[in-house]
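This report refers to the structure that appears directly beneath it.
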Amino acid sequence: GATVCSPTNRVTDPSRCLNEIKALSESTSQFWFGTAYKTRCSGSKAGTMECSNYRSYVADSIVSRLGISSNLEIFVDIKYHSNAGTYRSCGNQYTVSPSVNISLDPTSTEQITPWEARMAPTISWEPHNGTYTVVILSVGVPINHGIYINIPGNRFADAEVIKAYNGPIHFFTSFAQVYAFLVFKQQDDNLVIPSDWTARLSTPGFMQYNIPSMMTALNLSGPVGMSWMSVIGDPYAVQSFINSGSFDMCTYLIQNGIKTHNRTFVPADPTLDVNLDVTFSPPALTFTSCCNQFSYPSRTFKLNPLGDLQVKTADVRTSVLPTVELTIGGSFFHKIQFYRFLFNISGFVADSHLTLTGATWFITTQDEYVRHNYVTYRGRNQDDVCNGVQGYSNPCPTSKATINYTRWTSGDVVIDYTGPMPPDNNPHYYYFLLYEQQGELDISNFRNYTDPPGSRLLFNISDFVMDNNLTLVGATWFIATNDEYARNYYATSGGQSEETVCNGVPGYGDPCPVSKATPVIATWCILLVTICMIKWSDIQ
30 GATVCSPTNR VTDPSRCLNE IKALSESTSQ FWFGTAYKTR CSGSKAGTME
80 CSNYRSYVAD SIVSRLGISS NLEIFVDIKY HSNAGTYRSC GNQYTVSPSV
130 NISLDPTSTE QITPWEARMA PTISWEPHNG TYTVVILSVG VPINHGIYIN
180 IPGNRFADAE VIKAYNGPIH FFTSFAQVYA FLVFKQQDDN LVIPSDWTAR
230 LSTPGFMQYN IPSMMTALNL SGPVGMSWMS VIGDPYAVQS FINSGSFDMC
280 TYLIQNGIKT HNRTFVPADP TLDVNLDVTF SPPALTFTSC CNQFSYPSRT
330 FKLNPLGDLQ VKTADVRTSV LPTVELTIGG SFFHKIQFYR FLFNISGFVA
380 DSHLTLTGAT WFITTQDEYV RHNYVTYRGR NQDDVCNGVQ GYSNPCPTSK
430 ATINYTRWTS GDVVIDYTGP MPPDNNPHYY YFLLYEQQGE LDISNFRNYT
480 DPPGSRLLFN ISDFVMDNNL TLVGATWFIA TNDEYARNYY ATSGGQSEET
530 VCNGVPGYGD PCPVSKATPV IATWCILLVT ICMIKWSDIQ
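If you read the sequence shown in our numbering, its first letter stands for residue 30, the second for the next number, and so on.
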């Protein structure tokens, strides 16, 4: 329904609209950084990037967080136009349509995405005498998103640009980030920025100032107008962070994606912090299936879990071993590409009963990377952790040795890789799951988690994970269905007759006709599951 600040209501009763904006801006229960913070960020969430809060000790409102008062005189009318389009994020292409027009109403509960707010909005207000400054900023995290000065009356288009608009890049979907538009009245009609403030105001990223000190330095009063938007994360924001060289949060998109699969072996609220990139490079292949000849060219492709990549079973066949690359997600300042090697992982057997498709794991010693994590992230005393390490002193010497972080000590292959052979035309999901171990696992016990023991069948992954205290830290997957290569396997090696396997396949005959038809590839509608696991040792 209509809010107190809807276009009609703010004209008929402007004071009521401004009073409601003022009340909401002063509310400590309205936004994530208020009273809800302690509840949302308790327990395992405390200390995570999702719960970063530089004022965690207080329940904030907008005005208390910014250190301002809200003496509002004007309604700030902000309009966004977002064209339909496509963009790539974390290896997947996203399409957004249709085009939308958005008018911000701070009294509504509407949320918009970084994609929708990527272009500068139009900003206006009713004609007023005087000269104005507009500041656009993130309230939750102090980031400068735009500063415009010397605006005559309400002619925003005539503003002097100190910091041009850049859109929000909030990527979390669990809560909305607040971006405020503040209108200040200038005491000087031709404001000249003091030299010591020029760089502070124009620097992108984290604000090099606070609002009260800026108001004093520029001799501003107000804000006399205020609006804001609540922004919920999207993949566009994730890629924007990657492009800026600050954060790689593709793991966040993947953990949100795998939660929607509703698999019993996936925790209800997983926290994935390792990018698990799996690449296949199948050579060219020619084969005959159900009287039809097929030729596949050589190619290289990386799994795309965000796009639910569907593959040809021939391209992930037994002889095509995948390359698995593990990289730490999160801040690039702490990111290390620490493992790249060929996994001799296990085989896939398509089945809806959690057939074991294989496992492998490796172990590491406490090397320099592990020690770094203990000191940096786990609060261990540096002298205790580094005691006896060659070259260590406190403080560290000026000359530091180059450290090689790309190594591991050993690994155990439990079951060899076998390519997937889906038994029917329904789509089957195949998962690569990366677990963190607390220590080295006993290989001999692994056989006890399948039925019959030592087979691939009826793998009890839940018990295996629980008994060995494993933590899911990375995941990827692909989809396959019963295609021509799988049918060829079942007809020649899978214990079924060719007549049964090829029944209904275009071009099939017994004997095969001289003229061969073009095969028809089925469509899919049901999801079944089997699993491929990769086990990860305690590297932290």
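Just so you know, even glycine gets a beta-carbon here, dropped at the ideal spot from N, CA and C.
Using the three-state DSSP reduction, which class does residue i fall into: helix, strand or coil?
i	result
Asp441	strand
Ser348	coil
Ala546	Confidence at Ala546 is low in this model, with a pLDDT of 43, below 50, so the placement of that residue is unreliable and no value is reported for it.
Thr300	coil
Thr41	helix
Leu220	coil
Lys74	helix
Ala186	helix
His84	The question names His, but residue 84 is Arg in the sequence shown. Coil.
Glu79	helix
Tyr194	coil
Glu49	helix
Asn321	strand
Ser35	coil
Ile180	strand
Thr479	coil
Ser473	helix
Pro451	coil
Asp225	helix
Thr315	strand
CB-CB under 6 Å to residue i, same chain, minus the five flanking residues each way: which ones, in chain order?
i	result
Trp61	Phe204
Val164	Ile176 and Leu211
Thr256	The question names Thr, but residue 256 is Ser in the sequence shown. Contacts found: Val105, Ile107, Leu133, Pro135 and Phe210.
Trp226	Ala246
Thr505	Leu305, Val307, Leu332, Pro334 and Phe461
Thr64	Thr57, Ser58 and Ala88
Gly262	His199, Phe200, Phe201 and Thr202
Phe507	Leu332, Leu338, Val340 and Tyr459
Glu102	Val253
Ser310	Thr329
Asp453	Asn511
Ser269	Ile198
Asn121	Asn333, Leu335 and Gly336
Below 8 Å CB to CB, which residues in the same chain sit around residue i once its five sequence neighbours on both sides are set aside?
i	result
Glu528	Asp539
Cys319	Glu513, Arg516, Asn517, Ala520, Glu527, Val530, Cys531, Val534, Gly536, Tyr537 and Pro548
Val92	Ser54, Glu55, Ser98 and Ser99
Arg147	Ser111, Gly196 and Tyr265
For residue i, which residues does DSSP report across the bridge?
i	result
Gly503	Leu463
Lys214	Tyr161 and Ser250
Tyr109	Ile131
Gly175	Ile165
Ala209	Leu166 and Trp257
Thr124	Thr115
Tyr66	Partner(s): none; Tyr66 has no beta bridge.
Ile97	For Ile97, which the question treats as bridged, DSSP gives no partner whatsoever.
Glu155	Note: Glu155 sits in no beta bridge, so no partner.
Leu305	Leu355
Ile103	Gly254
Gln59	According to DSSP, which records beta bridges pairwise, Gln59 is partnered with nothing at all.
Lys331	Thr308
Ile141	Val260
By Cβ distance below 7 Å, which residues in the same chain neighbour residue i in space, the five residues on each side in sequence not counted?
i	result
Ser324	Thr315
Asp217	Asn248
Ile271	Asp277
Met258	Leu133, Ile141, Ala146 and Tyr208
Gly483	Arg476
Ser153	Asp106, Asn183 and Phe185
Thr124	Thr115
Gly251	Asn100, Val212, Phe213 and Lys214
Is it the case that the region 183-200 contacts the region 62-79, given that we only count it when at least three CB pairs across the two stretches are under 8 Å? The count of Cβ pairs closer than 8 Å, one atom from the region 62-79 and one from the region 183-200, stays below three, leaving the stretches out of contact.
At 3 residues or longer, what runs of the beta strand (DSSP E) sit wholly inside the region 227-298? You should have 249-260.
Just to confirm the assignment: which complete alpha helix (DSSP H) runs, minimum length 4, are found wholly within the region 485-541? Counting only runs of 4 or more residues that sit fully inside the region 485-541, the alpha helix (DSSP H) segments are 490-496, 513-521 and 527-531, in chain order.
Check whether the region 220-239 touches the region 113-131, counting contact only when three or more Cβ pairs, one atom from each stretch, lie closer than 8 Å. Judged by Cβ distances under 8 Å, the region 220-239 makes no contact with the region 113-131, as fewer than three pairs qualify.
Under 8 Å: do the region 448-467 and the region 497-504 share three or more Cβ pairs, one atom per stretch? A contact between stretches requires three or more CB pairs, one per stretch, nearer than 8 Å, and the region 448-467 meets this requirement with the region 497-504.
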